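> Below is the structure I would like to discuss, written out as structure tokens.
Chains as they are written, first to last, in the working numbering: chain A, 129 to 252; chain B, 23 to 166.
Below, the structure is given as structure tokens:
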């Protein structure tokens, strides 16, 4: 799960900045928009908008396309879906782990709490 | 405020709190998804090291132990073999509460946004305090 987790980390970090979240919100509203349009909506310069858009683009959260003389940015939801799926998988992993500790704790022969979660390795 | 870069799960266990505590307070017990056969445990550099034949080696740092209700650990789950530290690790919190004659065990794993972001251009990954509405909505929709 390492590679997935790194991708998800990338998405989380890209989303960690409040300005970038505002940008994504603006793109949801606009459908697609140029850096100039987005700078009008947000309390930051066009240069700052472009810098943030680059970060979002690196994380796969926006795509840029040329329309005449303008570059239009558009939200890309695939990484968000992937992040949500990854969180769901992790939830399932924790459910398995919690089930295991439940089984161990509820086992009638669990003499003390320090017992291993399953049969000890006979070689050990 | 809740942040979506964490996961929370809980389970009701029909066993006394002290027994559950004994299991949950052991660093790295969750590694191997319940199958701990073949694991080797050691202690180095102030870390508890779990060497799992399938998943690899995970140094675990004990962050806090407050028997019998709370324990927290830090590990670098995405980076087998690496010591948990700034930028590569998540924090796991376990909370135990007596409930319905048994024990409610709750886990929170947090800090996924701290994982390194090699291609970020502005090098400024601060400000996670604020809620991440988009992802939170999506995460809540797909999880329970």
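From the three backbone atoms N, C-alpha and C, an ideal C-beta is built for every residue, glycine too. Quick caveat: nothing in here was measured; it's all calculated off a predicted structure.
Cα-Cα, which of B:44, B:79, B:50 is closest to residue 125 of chain B?
It is B:44.
> So the candidates are B:92, B:101, B:33, B:36; which of them puts its Cα closest to the Cα of residue 47 of chain B?
Per the Cα distances, B:92.
> Anything in the stretch 184–207 of chain A with a Cβ closer than 7 Å to a Cβ of chain B? List those residues in chain order, please.
The stretch 184–207 of chain A vs chain B, Cβ under 7 Å: 186.
> According to DSSP, what are the bridge partners of residue 92 of chain B?
Looking at the DSSP assignment, residue 92 of chain B forms a beta bridge with B:88, B:117.
> Quick check: the Cα distance between residue 50 of chain B and residue 184 of chain A, rounded to an integer number of angstroms?
C-alpha separation (whole angstroms): 35 Å.
> Within the 8 Å Cβ cut-off, does residue 68 of chain B reach chain A?
Closer than 8 Å: no.
> For residue 167 of chain A, which residues in the same chain have their Cβ closer than 7 Å to its Cβ, ignoring the five residues on either side in sequence?
Same-chain partners within the cutoff: 173, 174, 177.
> With three or more beta-carbon pairs closer than 8 Å as the criterion, would you say the stretch 65–85 of chain B touches the stretch 226–236 of chain A?
Not touching, per the Cβ criterion.
> In angstroms with no decimal places, state the Cα-to-Cα distance between residue 206 of chain A and residue 193 of chain A.
Roughly 17 Å between the two C-alpha positions.
> Which class does residue 158 of chain A belong to by DSSP, given the choice of helix, strand or coil?
Helix at residue 158 of chain A.
> For residue 140 of chain B, which three-state DSSP category applies?
Note on residue 140 of chain B: pLDDT 39, under 50, position unreliable in the model; no value is reported.
> How long is the line joining the alpha carbons of residue 175 of chain B and residue 89 of chain B, rounded to whole angstroms?
Because residue 175 of chain B is not part of the residues shown, which for chain B are 23 to 166, the question remains open.
> Hey, residue 74 of chain B and residue 56 of chain B: beta-carbon distance below 8 Å or not?
No, the pair does not count as a contact, with Cβ atoms beyond the cut-off.
> Does the CB of residue 141 of chain B have a neighbour CB from chain A at under 8 Å?
Note that residue 141 of chain B scores 34 on pLDDT, short of 50, meaning its location in the model is unreliable and no value can be drawn from it.
> Under 8 Å Cβ-Cβ, which residues of chain B neighbour residue 221 of chain A?
Going along chain B in sequence order, the residues near residue 221 of chain A (Cβ under 8 Å) are 55.
> According to the neighbour-count rule (16 or more other Cβ atoms, all chains shown, within 10 Å of its Cβ), is residue 67 of chain B buried or exposed?
When all chains shown are included, residue 67 of chain B counts as exposed.
> Anything in chain A within Cβ reach of residue 173 of chain B, meaning under 8 Å, just list it in chain order.
This structure cannot speak to residue 173 of chain B, because chain B is shown only from 23 to 166.
> Measuring only the C-alpha atoms, how far is residue 191 of chain A from residue 202 of chain A?
If I take the Cα positions, the gap works out to 5 Å.
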